[in-house]
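Numbering (the working numbering), first residue to last: 15 to 323. We put the CB at the ideal spot given by N, CA and C, even for glycine. What follows is a set of notes on a single structure, which appears directly below.
Pasting the structure below:
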């Protein structure tokens, strides 16, 4: 029975790996073509393109919208130095170990798929890290924009102000501005560098900042005043977000208790009175139904306490 489960698992992993390798090779070919034509053709295309239009050929547009590229962008936004290959290997490896572990403990192929949930750990870590990094960037942006506004009013050039943010501010904001500054230093067009930065930093205020820079370069305007107003706007949004979290704290605590209490009680019953909890383990359909109900309840509570503002 164990040999059958391991064989099926390895077959699934092999098929997934073949599919991944096929799409990954297509992406590499597209990247190679881009590297050959990036310097000349992309710059000419940018000069004649409107704001935030696709800035490359059809091959690049297809690659940019592919699942692999979106996954790589998601990993970059979290700050992890992972590739899509590393993420897929970690997910498949943990899922396989979880499935085999549950099968060895329960000796049941019906319960073995529950161990595959272990493969969700890498995705959960990336989501958590991405959320924390986004929050840190949001908190750092007001001071950064205020510092840039003061530098511009003092007569400094915009590249000097950006270089100051890259050198003086802590991570992760300094990393993003350093990367943006180095791209410009290497000859990448400003619009391309800004588009790449807002791809890595999925924050509305950063998009406004990018649009402001491009419009200011094309039509002129007082960039220092705009940066000051943008910094004030971000501070107000952060204040509103903290107030919302305070008002919805009770609902989030209720969700944590309602989700965690059944698990803790079941674990305590299994240790203190195993014969009493054996009924649930023998009729695992009840546990599966409870788990599904908990997931639905957690989602509904999350929708209640979370909203856009």
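- Could you check where the alpha helix (DSSP H) with residue 96 kicks off and where it finishes? Position 82 of the chain shown, counted from the start, is the residue given in the question as residue 96. Per DSSP, residue 96 lies in no alpha helix (DSSP H) and is assigned neither H nor E.
- Task: Reducing DSSP to helix, strand and coil, say where residue 240 ends up.
- Result: In the chain shown, the residue the question calls residue 240 occupies position 226. Of the three classes helix, strand and coil, the one that applies to residue 240 here is helix, per DSSP.
- Item | For residue 168, the first and last residue of its enclosing alpha helix (DSSP H) | Residue mapping note: residue 168 aligns to position 154 of the chain shown, counting from 1. Unbroken run through residue 168: none, as it is neither H nor E.
- Message: So within the segment 142-216, which uninterrupted alpha helix (DSSP H) runs reach at least 4 residues, ignoring any that extend past its ends?
- Response: Restricting attention to alpha helix (DSSP H) runs no shorter than 4 residues, the segment 142-216 encloses them at 172-182, 187-199, 204-214, ordered along the chain.
- Query: Span of the alpha helix (DSSP H) holding residue 291?
  - Reply: In the chain shown, residue 291 corresponds to position 277, counting from 1. Start and end: 288-296.
- Message: Taking 8 Å as the threshold (C-beta atoms), are residue 190 and residue 229 in contact?
- Response: Your numbering for residue 229 matches position 215 in the chain shown. Your numbering for residue 190 matches position 176 in the chain shown. By the CB criterion at 8 Å, residue 229 and residue 190 fall outside the cutoff.
- Query: Among residues of its own chain, excluding the 5 on either side of residue 116, which ones have a beta-carbon nearer than 6 Å to its beta-carbon?
  - Reply: Counting from 1 along the chain shown, the entry for residue 116 is found at position 102. Answer for residue 116: 125, 126, 128, 129, listed in chain order.
- Query: Since residue 226 is in the alpha helix (DSSP H), which residue starts that stretch and which ends it?
  - Reply: Your numbering for residue 226 matches position 212 in the chain shown. In the DSSP assignment, residue 226 falls within the unbroken alpha helix (DSSP H) covering 218-233.
- Message: Quick check on the burial criterion: 16 or more other C-beta atoms within 10 angstroms. Buried or exposed for residue 199?
- Response: Here residue 199 refers to the residue found at position 185 of the chain shown. Its Cβ having fewer than 16 others within 10 Å, residue 199 is exposed.
- Item | Classification of residue 316 by the beta-carbon crowding that lies within 10 angstroms, buried from 16 upward | As a first step, residue 316 is located in the chain shown; it is residue number 302 there, counting from the start. Residue 316 sits exposed, since fewer than 16 C-beta atoms from the chains shown fall within 10 Å of its C-beta.
- Can the beta-carbon of residue 319 be found closer than 8 Å to that of residue 234? Against the chain shown, residue 319 aligns to sequence position 305. Against the chain shown, residue 234 aligns to sequence position 220. No, the Cβ-Cβ distance between residue 319 and residue 234 is not below 8 Å.
- Buried or exposed: residue 177, going by 16 or more other Cβ atoms within 10 Å of its Cβ? Residue mapping note: residue 177 aligns to position 163 of the chain shown, counting from 1. When all chains shown are included, residue 177 counts as buried.
- Query: Does the segment 158-169 come within contact of the segment 237-244, defined as at least 3 CB pairs closer than 8 Å?
  - Reply: Judged by Cβ distances under 8 Å, the segment 158-169 makes contact with the segment 237-244, as three or more pairs qualify.
- residue 161: which of 242, 304, 291 sits nearest, CA to CA? Here residue 161 refers to the residue found at position 147 of the chain shown. In terms of CA proximity to residue 161, 242 leads the group 242, 304, 291.
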